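Engineer: With this note's numbering applied, the sequence shown covers 8 to 680.
All residues carry an ideal CB built from backbone N, CA and C; glycine is no exception.
These figures come from a predicted structure and were not determined experimentally.
The following block contains the structure, expressed as structure tokens.
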Amino acid sequence: MARVQEFLRRHHGDMDFRPAWESGARLANRRRLVVFTGVFVVLCVLSLAYTFLRAPQYRALTLLQITPGAAAPRPIETVSVQSAAPGAESDKPFLTEVQVLGSRPVLEQTVARLARDGHDLAALGEDPVAAMQAMIQVSPVSGTAVVEMSATGAQAGLLAPLLNTAVDAYREHLAATARESIAGVLAGSDEEILTLERRVAEKNDEVEAFRIAHDIVSLEREENQVLARVRGVAASLNTANERVAVAEGRLRSVSEAMAAGSAVTRSRDDPTLANLEQRASQIREDLGELERNYTSDYMSLDPNIKAKRDRLAELERQIAVQRGLNAQAALAEAREELASAREMAARIRQQEASDRDVVQEFSARFNEYKALQDELTELQTLYRAATQRKVRLEASERERMPSVQVLEAATTPQTAWRPLYARDAGIAVAGSFVLALLAMWFVELFNRPEPQPSVLITQPGGPLLGAAAPVAALAGAANRMLEVPERALLPAGPVLPAELAPGEVAELLHAATAEGRLGMLLILSGASPEEALALSWDDVDLERQVVAIRGDSARQLPLSAPLRAALGAREACSGAPLLADAQGRALAMDGLHAAILCAAHDAGIGHAGVVTPAALRHTFIAFLVRQGVRFADLAQLVGRLPAETLAAYSSLSPAGPRVPLEQVERVMPALQV
């Protein structure tokens, strides 16, 4: 567009060839500016007027440290207390004093003091105490004994005297209340101590009499004679039961060994058996040595060998007899041990049964004694606590009174606490700015121009790679553009890649390598560069003469004669990529681009740098579109295309009815040679 305008300026002088849509843009910008400025100014005026017309509020603050006394007074009516949630037991007196600080009795004394000092309280209304309760806030500082007391109002000169006078009134209220409470506490404490002392003495006598009557030595169960005897019997019974279990196990093992014919005792435990087995073993070794040196016939005739065999048989018989005697002795010993263990266990069980009733009776009396002792301990604890309380009360009357220390006295505020005019003004301006933008967007929402098709200036027959448009064609294109109505002038769509002439396609295929030629043939058959790189031999069906494209744009591409020849010249391998590099890996996009670029240079094509896989795909799509193919059928041939790209290709489609898919020639002329 800029080149056309430059050409017209050069040949037609100072005529104004600016597109008509520029005037519409200026009108739209002017409308936006008016809407934004109007809304912004109105909102700024209203919000800033509201901000600066609000009356200022002042705030005075005082910090107190409250140490609650032993007897804290109860609150009557309190103002709002922040962060006064129930805490630990030790925090309750402190929180109670915090509530008393803002109670109605304290504020009534404050009103009387202020009126007596000559302060004007007319602005507080008919009930100045209620007004003060609304103005004052008491907030304990978490984790400390410090209280923050603040007053907020429009009268800056009244706030500081109000807080300081309230603190003085609170001190007087605490002093009077503490004196009355302490007097009552002392009287009640003496009466409580006398009562507890009498009850402790009575309970002590009762416990001692019970102990002597039931022969209880101590609260420790192990130190009492009855329980010690029972515990010894139980331990003896456990030992006896263990002996019975051991004896039964030994008897069972001896019986099983005798039934199985195995040895009951070890040879080293019986010297006689050990001697017999040693002699038999020596004879067996001698016979084994003779068997290795002589034949069996000779050994059967030799009298010495026969004598050795007879001695071995006699020794084995004696060993068997000795083992039988040992087994019988072990069995008798095991039976005797089991009988002894069972008899002892039976005697211990009889003794345990006779002591059971005694133990139950003693346990019941011991539990009663322990309960009486616990009651006595509790009474003694109460008595000691009451005595200590009385000692603390008598030690110092000052410690029994709550104390208040002013950490920071209230002063008259010099500046307004709220509203924060600068902050609120900034928020008002920012909010007005945002609302003005929203208003401008809302107005533009209902003033959108209707979308118009883009204007494409094309040379008859379509410009080819390396062909320069003649000056006459540019001038004619400029004249045609000037005749287009203003509403049809919109920015152009996406820039399409360069288109190759049929002769350039043939030269490119001739100069390409085998791998590059196969990739170019796939692209010129309808596959995108990405789809061509993703193909494998499993996607090729040579019997049906098709290549299956998978993915979102699944389709089948017919095999042209050059594509069949290129595939036939290669060795098919199931699962292997159709386009592979020297190492057999799938070819990358850079490799395909490099192969096409090298072929373009080798073929001597002008402007070879713009010959890319995208240019080949564009050449094939332009070949289909110029035949008048239906755009709805274009996806079945080359896959899905973006709407902007389809709009750009619409300028290449010829006028007249569309051609059905069956009548479209899918093989380019350069591939039919």
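I'd like the list of long-range same chain contacts for A62, defined as Cβ closer than 8 Å, with 5 residues on each side in sequence excluded.
Structural biologist: The residue given as residue 62 occupies position 55 in the sequence shown. Around A62: A161.
Engineer: Could you give the C-beta distance for R324 and L280, rounded to a whole number, given that I count them as a contact under 8 Å?
Structural biologist: Working through the sequence shown from its first residue, we reach residue 324 at position 317. Working through the sequence shown from its first residue, we reach residue 280 at position 273. That belief does not hold up - the Cβ atoms of R324 and L280 are roughly 13 Å apart, past 8 Å.
Engineer: If you count every other CB in all the chains shown that lies within 10 Å of the CB of Q285, and 16 or more means buried, which is it?
Structural biologist: Position 278 of the sequence shown, counted from the first residue, corresponds to residue 285. The residue in question, Q285, is exposed, as its Cβ has fewer than 16 Cβ neighbours within 10 Å.
Engineer: Using the three-state DSSP reduction, which class does T279 fall into: helix, strand or coil?
Structural biologist: Numbered from 1 along the sequence shown, position 272 holds the residue referred to as residue 279. In the structure shown, T279 sits in a helix (DSSP, three-state: H, G or I).
Engineer: On the CB-based measure, 16 or more other CB atoms within 10 Å of its CB, does L34 come out buried or exposed?
Structural biologist: Taking the first residue of the sequence shown as position 1, residue 34 is located at position 27. Exposed, by the Cβ-count rule.
Engineer: Considering only their Cβ atoms, is the gap separating A622 from P536 smaller than 8 Å?
Structural biologist: Counting from 1 along the sequence shown, the entry for residue 536 is found at position 529. Counting from 1 along the sequence shown, the entry for residue 622 is found at position 615. Cβ distance not < 8 Å, so P536 and A622 don't count as in contact.
Engineer: Which partner residues of M156 appear in the DSSP bridge assignment?
Structural biologist: Here residue 156 refers to the residue found at position 149 of the sequence shown. DSSP lists T69 and V145 as partners of M156.
Engineer: For a test of the three-state rule: what should DSSP assign to V251, helix, strand or coil?
Structural biologist: What you label residue 251 is simply residue 244 of the sequence shown in a count that begins at 1. If DSSP states are grouped into helix, strand and coil, V251 belongs with the helices.
Engineer: Under DSSP, the beta strand (DSSP E) around P649 begins and ends at which residues?
Structural biologist: Within the sequence shown, numbered from 1, the residue matching residue 649 stands at position 642. Run containing P649: none; DSSP gives neither H nor E here.
Engineer: Using 8 Å as the cut-off, can you tell me whether the region 419 to 428 makes contact with the region 46 to 66, which would need three or more C-beta pairs spanning the two stretches below that distance?
Structural biologist: With contact defined as three or more Cβ pairs closer than 8 Å, the region 419 to 428 and the region 46 to 66 are in contact.
Engineer: Using the C-alpha atoms, what's the distance from M675 back to P477?
Structural biologist: For the purposes of this step, residue 477 is taken as residue 470 along the sequence shown, with counting starting at 1. For the purposes of this step, residue 675 is taken as residue 668 along the sequence shown, with counting starting at 1. Legend: pLDDT at P477 = 39, less than 50; position of this residue unreliable, no value from coordinates given.
Engineer: If you draw a straight line from the C-alpha of V174 to the C-alpha of V207, how long is it?
Structural biologist: Against the sequence shown, residue 174 aligns to sequence position 167. Against the sequence shown, residue 207 aligns to sequence position 200. Going by C-alpha positions, V174 is about 47 Å away from V207.
Engineer: Going by DSSP, name the residue or residues bridged to D415.
Structural biologist: The residue given as residue 415 occupies position 408 in the sequence shown. Reading off the sequence, residue 415 comes out as Glu, not Asp. The partner list for E415 (beta bridge, DSSP) reads L70.
Engineer: Does the distance from the CB of R342 to the CB of L319 come in under 8 Å?
Structural biologist: As a position in the sequence shown, residue 342 is number 335, starting the count at 1. As a position in the sequence shown, residue 319 is number 312, starting the count at 1. It is not a contact, given that the beta carbons lie outside the stated cut-off.
Engineer: Mind checking A475: buried by the 16 CB within 10 Å criterion, or exposed?
Structural biologist: Within the sequence shown, the letter at position 468 stands for residue 475. Because A475 carries a pLDDT of 39, less than 50, the predicted location of this residue cannot be relied on, and the following value inherits that uncertainty. When all chains shown are included, A475 counts as exposed.
Engineer: Report back the beta-carbon spacing between S260 and I355 to the nearest angstrom; my notes put them in contact at under 8 Å.
Structural biologist: The residue you call residue 260 lines up with position 253 of the sequence shown. The residue you call residue 355 lines up with position 348 of the sequence shown. Their Cβ separation, rounded to whole angstroms, is 26 Å, which puts S260 and I355 out of contact at 8 Å.
Engineer: Can you tell me where the beta strand (DSSP E) with V674 in it begins and where it stops?
Structural biologist: For the purposes of this step, residue 674 is identified with residue 667 of the sequence shown, where counting begins at 1. Premise fails: V674 is in no beta strand (DSSP E) and is neither H nor E.
Engineer: So the candidates are A642, R38 and F101; which of them puts its Cα closest to the Cα of S149?
Structural biologist: Taking the sequence shown and counting its residues from 1, one reaches residue 149 at position 142. Minimum Cα distance to S149 is reached at F101.
Engineer: Just verifying my parser: in three-state terms, what is the DSSP assignment at L668?
Structural biologist: For the purposes of this step, residue 668 is taken as residue 661 along the sequence shown, with counting starting at 1. Here L668 sits in helix by DSSP.
Engineer: Touching or not, the region 636 to 644 and the region 506 to 523, by the rule of three or more beta carbon pairs under 8 Å?
Structural biologist: As far as the Cβ criterion goes, the region 636 to 644 does not touch the region 506 to 523, which means the pair count is below three.
Engineer: Could you spell out where the alpha helix (DSSP H) holding L570 opens and where it closes?
Structural biologist: Mapped onto the sequence shown, residue 570 falls at position 563. Here the alpha helix (DSSP H) through L570 covers A568 to G575.
Engineer: Could you check the C-alpha separation between A247 and L332 for me, to the nearest Å?
Structural biologist: Here residue 247 refers to the residue found at position 240 when the sequence shown is read from its first residue. Here residue 332 refers to the residue found at position 325 when the sequence shown is read from its first residue. Computed Cα separation, rounded: 30 Å.
Engineer: Using CA atoms only, rank isn't needed, just tell me which of E215, S288 and L201 is closest to Q380.
Structural biologist: Position 373 of the sequence shown, counted from the first residue, corresponds to residue 380. Nearest of E215, S288 and L201 to Q380, Cα basis: E215.
Engineer: Does the Cβ of V41 have 16 or more other Cβ atoms within 10 Å, making it buried, or fewer, making it exposed?
Structural biologist: For the purposes of this step, residue 41 is taken as the residue at position 34 of the sequence shown. Exposed, because fewer than 16 other Cβ atoms sit within 10 Å of the Cβ of V41.
Engineer: State the CB to CB distance for the pair E179 and Q116, rounded to an integer number of angstroms; the pair is presumed to be in contact (CB under 8 Å).
Structural biologist: Walking along the sequence shown from the start, residue 179 turns up at place 172. Walking along the sequence shown from the start, residue 116 turns up at place 109. That belief holds up - the Cβ atoms of E179 and Q116 are roughly 7 Å apart, short of 8 Å.
Engineer: Tell me whether the beta-carbon of A417 lies closer than 8 Å to the beta-carbon of A163.
Structural biologist: Sequence index remark: in the sequence shown, residue 417 carries index 410 (1-based). Sequence index remark: in the sequence shown, residue 163 carries index 156 (1-based). Taking 8 Å as the Cβ cut-off, A417 and A163 do not qualify as a contacting pair.
Engineer: Can at least three beta-carbon pairs, one atom from the region 617 to 633 and one from the region 524 to 540, be found at a separation below 8 Å?
Structural biologist: yes
Engineer: Terminal residues of the continuous beta strand (DSSP E) containing P565?
Structural biologist: Position 558 of the sequence shown, counted from the start, is the residue given in the question as residue 565. Looking at the DSSP string, the run of the beta strand (DSSP E) that includes P565 is R562 to P565.
Engineer: Could you compute how far the alpha carbon of L55 sits from the alpha carbon of T184?
Structural biologist: The residue you call residue 55 lines up with position 48 of the sequence shown. The residue you call residue 184 lines up with position 177 of the sequence shown. The straight-line gap from Cα to Cα measures roughly 52 Å.
Engineer: Please state the DSSP three-state secondary structure of R399.
Structural biologist: As a position in the sequence shown, residue 399 is number 392, starting the count at 1. Looking at R399 - three-state DSSP - the assignment turns out to be helix.
Engineer: What's the gap between the Cα of A138 and the Cα of L169?
Structural biologist: In the sequence shown, the residue the question calls residue 138 occupies position 131. In the sequence shown, the residue the question calls residue 169 occupies position 162. So the alpha carbons of these two residues sit roughly 12 Å apart.
Engineer: Identify, in the order they occur along the chain, each residue of the same chain with its Cβ nearer than 6 Å to the Cβ of L463, setting aside the five sequence neighbours on each side.
Structural biologist: Locating residue 463 in the sequence shown gives position 456, counting from the first residue. Unreliable positioning characterises L463 in this predicted model, as indicated by a pLDDT of 39, which lies under 50. The coordinate reading is nonetheless provided below. Here the set comprises S658.
Engineer: Distance, Cα to Cα, A688 vs Q552?
Structural biologist: Residue 688 is absent from the model: the chain starts at 8 and stops at 680.
Engineer: Please state the DSSP three-state secondary structure of I603.
Structural biologist: Stepping through the sequence shown from its first residue, residue 603 is reached at position 596. I603: helix per DSSP, three-state reduction.
Engineer: Let me know if R399 comes out buried or exposed under the rule of 16 or more other beta-carbons within 10 Å of its beta-carbon.
Structural biologist: For the purposes of this step, residue 399 is taken as residue 392 along the sequence shown, with counting starting at 1. The residue is exposed, with fewer than 16 neighbouring Cβ atoms inside 10 Å.
Engineer: For the region 290 to 316, which segments carrying the alpha helix (DSSP H) assignment without a break, of at least 4 residues, lie completely within its bounds, in sequence order?
Structural biologist: 303 to 308
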